[in-house]
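**Q** The structure that follows is given in the form of structure tokens.
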Ligand code: HEC
Ligand code: HEC
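Residue numbers (the numbering used here): 36 to 264.
Quick look at the structure:
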């Protein structure tokens, strides 16, 4: 017969073993978790768009946005060189109806997530054609772009859109440099009247635009049109 002390010792050793096994299982699960995350990230990288497929898909868009994303009608935005993340966001918001436009809602309705990624890969790698600003508006437009308007509380546009107007791809913020002044002005008016609400809960563009006068909109969008990437 074993001494009660021995059996207690055995029990303790058993418990220690179970504990060790549990710990190594936790460690394993931890590793598996990290592995799963890496695989997920790899998978996301693979799911990114193909510019080649995007070019083929863009044939229906070319009539308005140009074959290489440079549109000829100043009311229709150029898409060449635009940030990929912003292009995808924009197409999704036309598709889900959170951004309203008679011409674009119908176009976006036909696009799958993969189509959007392919199209964004295509347009973001195209070269935006350079344009010019109205010389009479450059200095007032530049002042507003770089410094905002302290008196009325307009923030500096360059603070978010970048000193060269290239936006912020990581944040999904649009490049605005070289865009048609007419299109940009229409967007500022749409934010000002709260018709465009795609700037989310922060309402950053609705707030900025609500403080802009018509003259400021004209000057800053002309200046932006002349900004070169
Ligand atoms: C009939 C003309 C027309 C066609 C065809 C068209 N678009 Fe558009 N697109 C527009 C107009 C007009 C706007 C501006 C809408 C607004 O004012 O909100 C626009 C806006 C966009 C925007 C937002 C740009 C920005 O800077 O916010 C994207 C992205 C876009 N179109 C992509 C596409 C793609 C991709 C296709 C093809 C599948 C396409 N469009 C087909 C007219 C068109
Ligand atoms: C706090 C950051 C911030 C500031 C400051 C800011 N913007 Fe924006 N702007 C954004 C974001 C983010 C978007 C895209 C929002 C969306 O998807 O609707 C945007 C969108 C725009 C668009 C529409 C782009 C397109 O392709 O449709 C224009 C034009 C624009 N901004 C001009 C300006 C001007 C001019 C100023 C200065 C008076 C300014 N922004 C200040 C963040 C900012």
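Positions of the beta carbon are idealized from the N, C-alpha and C atoms, including for glycine. Since the model is a prediction, treat every value here as computed from it, not as a measurement.
Who are the Cβ neighbours of residue 114 in its own chain at under 6 Å, not counting the five residues just before and after it?
**A** Numbered from its first residue, the chain shown carries residue 114 at position 79. Cβ within range, chain order: 100, 104, 158.
**Q** Going by C-alpha to C-alpha distance, which of 112, 232, 102, 88 sits closest to residue 218?
**A** Position 183 of the chain shown, counted from the first residue, corresponds to residue 218. Nearest C-alpha to residue 218: 112.
**Q** Is the Cβ-Cβ distance between residue 242 and residue 134 less than 7 Å?
**A** The residue labelled residue 242 in the question sits at position 207 within the chain shown. The residue labelled residue 134 in the question sits at position 99 within the chain shown. The answer is no: Cβ separation not under 7 Å.
**Q** Specify, as a first and last residue, the run of the alpha helix (DSSP H) that residue 98 falls within.
**A** Along the chain shown, one-based indexing puts residue 98 at 63. First-last of the alpha helix (DSSP H) with residue 98: 97-100.
**Q** State yes or no: is the C-beta of residue 111 nearer than 6 Å to some heavy atom of ligand 2?
**A** If you number the chain shown from 1, residue 111 lands on position 76. No; taking the cut-off as 6 Å, the Cβ of residue 111 has no heavy atom of ligand 2 nearer than that.
**Q** When the Cα atoms are used, what is the spatial distance from residue 76 to residue 156?
**A** The count along the chain shown starts at 1 and reaches residue 76 at position 41. The count along the chain shown starts at 1 and reaches residue 156 at position 121. Residue placement at residue 76 is flagged as unreliable, the pLDDT there being 43, under the threshold of 50; the coordinate-derived value follows with that caveat. Distance between the alpha carbons of residue 76 and residue 156 is about 18 Å.
**Q** Excluding the 5 residues flanking residue 188 on each side, which residues of the same chain have their C-beta closer than 6 Å to its C-beta?
**A** Here the question's residue 188 lines up with position 153 in the chain shown. So the qualifying residues of the chain are 246.
**Q** With DSSP run on the structure shown, which of helix, strand or coil describes residue 232?
**A** Along the chain shown, read from residue 1 onward, the residue named residue 232 stands at position 197. Three-state result, residue 232: coil.
**Q** Among 116, 146, 117, whose alpha-carbon lies nearest the alpha-carbon of residue 128?
**A** The residue given as residue 128 occupies position 93 in the chain shown. Nearest option by C-alpha distance: 146.
**Q** Alpha carbon to alpha carbon, how far is residue 237 from residue 231?
**A** Translated into positions along the chain shown, residue 237 becomes position 202. Translated into positions along the chain shown, residue 231 becomes position 196. Distance between the alpha carbons of residue 237 and residue 231 is about 13 Å.
**Q** Which same chain residues, not among the five before or five after residue 153, have their C-beta less than 6 Å away from its C-beta?
**A** Taking the chain shown and counting its residues from 1, the one referred to as residue 153 is at position 118. Cβ within range, chain order: 84, 85, 88, 89, 92.
**Q** Would DSSP call residue 140 helix, strand or coil?
**A** Walking along the chain shown from the start, residue 140 turns up at place 105. DSSP places residue 140 in helix when its eight states are reduced to three.
**Q** If I'm right that residue 196 touches residue 109 with Cβ under 8 Å, what's the distance once you round it to whole angstroms?
**A** Within the chain shown, the letter at position 161 stands for residue 196. Within the chain shown, the letter at position 74 stands for residue 109. So it is not a contact: roughly 19 Å between Cβ atoms.
**Q** When the Cα of residue 119 is compared with those of 170, 191, 182, 210, which residue comes out closest?
**A** Counted from its first residue, the chain shown places residue 119 at position 84. Cα-wise, what sits closest to residue 119 is 210.
**Q** Using only the alpha-carbon positions, how far apart do residue 137 and residue 173 sit?
**A** Against the chain shown, residue 137 aligns to sequence position 102. Against the chain shown, residue 173 aligns to sequence position 138. Each residue's alpha carbon lies about 33 Å from the other.
**Q** Short check: CB of residue 200 to CB of residue 212, under 7 Å?
**A** Taking the first residue of the chain shown as 1, we reach residue 200 at position 165. Taking the first residue of the chain shown as 1, we reach residue 212 at position 177. Contact flag set, yes.
**Q** Given the structure, does residue 190 come close to ligand 2, in the sense that its CB is under 6 Å from one of the ligand's heavy atoms?
**A** As a working mapping, residue 190 is identified with position 155 in the chain shown. Yes - ligand 2 has a heavy atom lying nearer than 6 Å to the Cβ of residue 190.
**Q** Cα separation between residue 131 and residue 185?
**A** Locating residue 131 in the chain shown gives position 96, where the first residue counts as 1. Locating residue 185 in the chain shown gives position 150, where the first residue counts as 1. If I take the Cα positions, the gap works out to 36 Å.
**Q** Taking 7 Å as the cut-off, decide whether the C-beta atoms of residue 116 and residue 163 are in contact.
**A** Indexing the chain shown from 1 puts residue 116 at position 81. Indexing the chain shown from 1 puts residue 163 at position 128. Their beta carbons are under 7 Å apart, which means residue 116 touches residue 163 by this criterion.
**Q** Which same chain residues end up closer than 8 Å to residue 205 when comparing Cβ atoms and leaving out the 5 residues on each side of it in sequence?
**A** Looking up residue 205 in the chain shown gives position 170. The answer, listed in chain order, is 120.
**Q** Quick one: Cα of residue 126 to Cα of residue 222, how far?
**A** For this step, residue 126 is matched to residue 91 along the chain shown. For this step, residue 222 is matched to residue 187 along the chain shown. If I take the Cα positions, the gap works out to 16 Å.
**Q** Quick one: does the C-beta of residue 10 sit closer than 6 Å to a heavy atom of ligand 1?
**A** One cannot answer for residue 10 here, as it falls past the ends of the chain, which runs 36 to 264.
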